[in-house]
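Okay, so here's the structure we're looking at.
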Amino acid sequence: MRLGGRVVVSLALFLFDGSALAQDLDFTAIPLPSEKDDIAAAKLAPAELKQILDQVEQTSFDAPDSWAAELRLRRSPIGGGEGLVVRGTALLCGGTGNCETWLFRRVNGTWTKMFDEEAPVISSIGFGRHVSHGIPDLIATAHLSASTSTYLVYVFDGKVYRPGTCYEVAADGAKRSAKQTTCK
Numbered sequence: 010m011r012l013g014g015r016v017v018v019s020l021a022l023f024l025f026d027g028s029a030l031a032q033d034l035d036f037t038a039i040p041l042p043s044e045k046d047d048i049a050a051a052k053l054a055p056a057e058l059k060q061i062l063d064q065v066e067q068t069s070f071d072a073p074d075s076w077a078a079e080l081r082l083r084r085s086p087i088g089g090g091e092g093l094v095v096r097g098t099a100l101l102c103g104g105t106g107n108c109e110t111w112l113f114r115r116v117n118g119t120w121t122k123m124f125d126e127e128a129p130v131i132s133s134i135g136f137g138r139h140v141s142h143g144i145p146d147l148i149a150t151a152h153l154s155a156s157t158s159t160y161l162v163y164v165f166d167g168k169v170y171r172p173g174t175c176y177e178v179a180a181d182g183a184k185r186s187a188k189q190t191t192c193k
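Following my numbering, the numbering of the sequence shown begins with 10 at its first residue and continues without gaps.
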């Protein structure tokens, strides 16, 4: 649910005792690329596109027949600078609605990936309130099932995002529960 540009994580407000948890899960959503956000719509120079695709190929869990058909790209500011969200659409997605998703930011004229290893397979992302090295924490959500999701809080280490705190949120009808888990 969105109110005034902020994602309202209502379960954090009424289900949990600690205000730290509510703050960890309060984030501003980043619009994910849609079908109209194909590679041509990103209007990248050929050299820029090559930089991005080379990094995507190195950090993807699979390789589609066509990166142009598989990927969607959307520009999004990151830490006051230029950013780009890149997301898989078919082969790089799972049955629960999670897709492999990359973040890039422009550093000294070059597009640089913001995850060190394989890009996470997630359903949504957003920026949190806490800032490290001038870049806000990234909160990624992933559906584990119809009733269970994970919330992964990534912290920027000056070069890339690293997993910080993780939470598993489960719903059983009107009853919800959350617990801090080990990031995987």
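We put the CB at the ideal spot given by N, CA and C, even for glycine.
- Looking at the DSSP output, residue 145 sits in a beta bridge with 140.
- Between residue 42 and the set 62, 89, 60 and 94, the nearest pair of CA atoms involves 94.
- Look at residue 53 here: in three-state DSSP terms it is coil, with no helix or strand label.
- By the beta-carbon neighbour count (other beta carbons within 10 angstroms, threshold 16), residue 70 is exposed.
- With 16 or more other Cβ atoms from the protein chains shown falling within 10 Å of its own Cβ, residue 107 counts as buried.
- Residue 158 and residue 131 have their C-alpha atoms spaced approximately 10 Å apart.
- The C-alpha of residue 46 is placed about 16 Å away from the C-alpha of residue 54.
- Cβ-Cβ separation between residue 171 and residue 163: approximately 6 Å, consistent with a contact (criterion under 8 Å).
- Per the DSSP secondary-structure output, residue 108 pairs in a beta bridge with 102 and 131.
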